[in-house]
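Here the structure comes first, spelled out in structure tokens, and everything after it is commentary.
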């Protein structure tokens with residue numbers, strides 16, 4: 001009964017704090033957005049002539065969008081992560097999920113460890129934030145991978161549509177009709193933006209801001225250069241498709257060459273947890289001093305931090321960015 005009351009109290013507190021935080025950050029976000037609109041690149045005299053050039057406009061658009069997200073606070077960060085993960089939940093819902101994870105962690109630590117409440121609260125909030133971001137990372141990585149794999153074919157369809165004499169909006173719609181998932185969603189949005197009068201380079205720059213991958217930025221920069229200097233857009237798109245396919249081949253080759261290293265890293269990372277689980281099953285009292293004695297708690301904390309540092313180091317060493 002006491003545990004249920006404690007859980008209800010912690011959950012209510014997390015819910016209240018999250019709601020108040022969302023309300024405060026939303027108010028600050030509206031104020032900062034109004035200020036950014038007044039001093040944006042369209043404001044006379046706000047930027048130099050170099051920034052007004054089309055080639056620099058792509059980089060500035062992405063940078064300004066990232067700046068707005070950072071200035072929007074926690075709500076802006078959560079909104080960006082939810083959008084990158086392809087979810088339809090609101091920032092408030094993600095805060096509620098994080099609060100629920102933190103509450104469950106707090107109840108579990110309170111019932112199983114003699115840690116003080118401030119330390120339990122700190123660990124619980126950190127666990128909720130880490131778990132939520134881990135889920136967002138997995139979903140966004142899967143979403144970006146699907147977009148990257150479909151992008152060369154989409155560019156080929158786009159180039160063939162333009163070569164056949166179709167307008168830009170119709171060619172973008174043709175790409176959306178021949179694709180699926182995130183690629184279809186993004187190119188449909190680009191088609192709709194272009195139909196209402198937005199230039200092609202700006203629509204692709206906004207897509208690069210939403211997707212935030214090197215491949216999407218390649219397209220945005222290439223179309224910006226083509227709009228500034230002229231040239232054959234069809235040839236530019238075909239060359240980009242070849243470049244992205246070569247990049248994908250190189251990435252897969254690097255993944256194949258580093259497969260043994262990644263498997264070794266997974267085995268070494270899971271070995272301490274597996275041995276600890278076996279010891280706990282065979283002799284539960286053997287590990288009791290690590291959670292009951294102050295010196296054991298200190299040793300467990302230092303060991304856990306060292307283990308996390310080692311796992312992070314192996315992850316970075318076994319990952320090759322192409």
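In our numbering, the protein residues as written are 1 to 322.
Every residue, glycine too, gets a C-beta built ideally from N, C-alpha and C.
In this structure, the straight-line span from the alpha carbon of residue 89 to that of residue 95 is close to 10 Å. Only residues of its own chain outside the window of five on either side were considered, and among them 147, 150 and 154 have a CB closer than 6 Å to the CB of residue 183, listed in chain order. Between the beta-carbon of residue 101 and that of residue 128 there is about 4 Å, and that keeps the pair under the 8 Å contact cut. If only uninterrupted alpha helix (DSSP H) runs of at least 4 residues are considered, those enclosed by the segment 223-290 are 233-257 and 259-282. Remark: three or more beta-carbon pairs, one from each stretch, lie closer than 8 Å, so the segment 129-141 and the segment 76-85 are flagged as touching. Judged by DSSP secondary structure, residue 189 falls within the alpha helix (DSSP H) whose first and last residues are 181-195. 7 Å or more divides the Cβ of residue 219 from the Cβ of residue 269. Residue environment for residue 273: exposed (fewer than 16 other C-beta atoms within 10 angstroms of its C-beta). Between residue 234 and residue 163, the gap from beta carbon to beta carbon is short of 7 Å.
Setting aside the 5 residues that flank it on each side, residue 265 is surrounded in the same chain by 314 and 318, each with a C-beta closer than 6 Å to its C-beta; the list follows chain order. With a contact defined as Cβ atoms closer than 8 Å, residue 215 and residue 244 qualify at about 6 Å. Ranked by Cα distance from residue 297, the options 107, 113, 85 and 87 are led by 113. Inclusion of residue 187 and residue 171 in the CB contact set at 7 Å is not warranted, their separation being larger than that value. Collapsing the DSSP output to three states places residue 142 in a helix.
Membership of residue 311 in the alpha helix (DSSP H) is indicated by the continuous run 294-318. Note that the C-beta distance between residue 238 and residue 300 is not below 7 Å. In terms of Cβ geometry, residue 104 and residue 120 do not form a close pair [threshold 7 Å]. For residue 79, the three-state secondary structure derived from DSSP is helix.
Between residue 165 and residue 191, the beta carbon gap of about 17 Å keeps them out of contact (Cβ cut-off 8 Å).
In the same chain as residue 261, and ignoring 5 residues on each side of it, the C-beta atoms closer than 8 Å to its own belong to 317 and 318, in chain order. Spanning the alpha carbons of residue 210 and residue 253 requires a straight line of approximately 28 Å. Secondary structure note for residue 198: it is in no alpha helix (DSSP H), with a DSSP letter that is neither H nor E. In this structure, the alpha-carbon of residue 143 lies about 34 Å from that of residue 107. Rounded to the nearest whole angstrom, the CA to CA distance from residue 256 to residue 250 is 10 Å. Between residue 208 and residue 139, the gap from beta carbon to beta carbon reaches 7 Å or more. Going by DSSP, residue 114 is part of no alpha helix (DSSP H) at all; its letter is neither H nor E.
In the three-state reduction of the DSSP assignment, residue 85 falls in the helix class.
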